[in-house]
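Worksheet: one structure, shown below.
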Amino acid sequence: MTQAPVMKVAVVVFDGFTALDAYGPVEAFWACSPGQPVKCFECFTVGTSAGAAMSGEGIATVAQYAFTDAPAWDILLVPGGLGTRKLVDDQVFLNQLAAASERSKITATVCTGAALLARTGLLDGRRATSNKLAWDWVIQQGPKVLWQRHARWVDDQSIITSSGVSSGIDMALGLIERLCGKHTATEAARKMEYVWNQDPDDDPFSPAV
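Everything in the sequence shown is counted per the numbering used here, starting at 307 for the first residue and increasing by one.
See below:
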């Protein structure tokens with residue numbers, strides 16, 4: 307049997323990104339094939355330039371590539387965090403993010419990462435969700451977006467958005483299920499010892515609950 311091509315995941319990092327927004331999904335992608343020669347996904351980090359980026363939690367990470375210099379990828383992962391408050395007004399970053407999303411087969415956002423994508427206009431007319439604690443601010447960034455307040459994550463085919471922080475793990479496992487099958491996603495969750503919320507409409511943190 308011919309092995310399916312490894313899917314490449316470009317993880318956007320910037321000063322003030324939330325660590326779990328990025329590395330929760332990364333762990334799920336890695337858990338599909340930990341330490342094995344056959345991989346389903348490979349992840350690398352990108353930013354406006356290569357170099358250090360400080361997470362909101364004070365942990366330094368590194369953008370391995372600039373957007374413009376990175377190798378091809380299939381999935382673009384956009385985390386949220388307090389750093390998004392500045393980046394929604396950074397047109398250079400937004401232009402690069404828009405170009406990066408348009409060259410992706412799938413763009414996935416976590417938390418207020420949806421606000422960044424909304425500012426590019428790429429969410430206009432599409433269903434999306436975001437962190438409920440930042441909801442009022444997020445929806446101001448994209449008045450033409452079809453915001454779904456009660457949702458753990460929203461899968462709109464080429465764009466997937468998730469609610470706050472840990473919801474990105476559920477979203478990533480849902481994407482793994484779509485691309486690689488239920489068994490692969492379930493096994494990844496088991497290897498992580500993670501209780502996967504498999505229902506995107508089960509949102510215990512929505513104000514409506």
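Virtual Cβ for every residue (Gly too), placed ideally from N, Cα, C.
If you're wondering where the values come from, they're calculated on a predicted model, not measured in any experiment.
How would you write the range of the beta strand (DSSP E) that residue i sits in, first residue to last?
i    : result
W459 : 459-462
E348 : 347-353
I365 : Note, I365: premise wrong, no beta strand (DSSP E); not H, not E.
S261 : The displayed coordinates of the chain run from 307 to 515. Any statement about residue 261 would go beyond what the structure contains.
Residue range of the alpha helix (DSSP H) that residue i falls in?
i    : result
S473 : 473-486
V315 : That residue, V315, is in no alpha helix (DSSP H); its beta strand (DSSP E) goes 313-318.
G330 : 325-337
Q446 : 441-446
Grouping DSSP H, G and I as helix and E and B as strand, with all else coil, what is residue i?
i    : result
L422 : helix
G357 : strand
Y500 : coil
A494 : helix
Who are the Cβ neighbours of residue i in its own chain at under 7 Å, not counting the five residues just before and after it?
i    : result
W459 : T435, I466, T467, S468, S469, S473, D476, M477, G480, P506
M360 : D321, A366
V332 : V317, C349
Assuming the contact rule is C-beta atoms closer than 8 Å, residue i and residue j should be a hit. Round their C-beta distance to whole Å, please.
i    : j    : result
V394 : Q447 : 6 Å
L403 : R432 : L403 to R432, Cβ: 16 Å. No contact.
G427 : F323 : In fact, because the Cβ distance is near 22 Å, the residues do not count as touching under 8 Å.
A358 : Q370 : Wrong, their Cβ atoms sit about 11 Å apart, outside the cutoff.
CB-CB under 6 Å to residue i, same chain, minus the five flanking residues each way: which ones, in chain order?
i    : result
L326 : V471
L382 : A316, A406, S407, S410, T413
F511 : K438
What does a CB cutoff of less than 8 Å around residue i pick up in its chain, not counting 5 residues either side in sequence?
i    : result
T490 : C338, C346, I482, E483
- Message: To test your reading of the DSSP string, which unbroken beta strand (DSSP E) runs of 3 or more residues are found completely within the region 382-417?
- Response: Runs found: 412-415.
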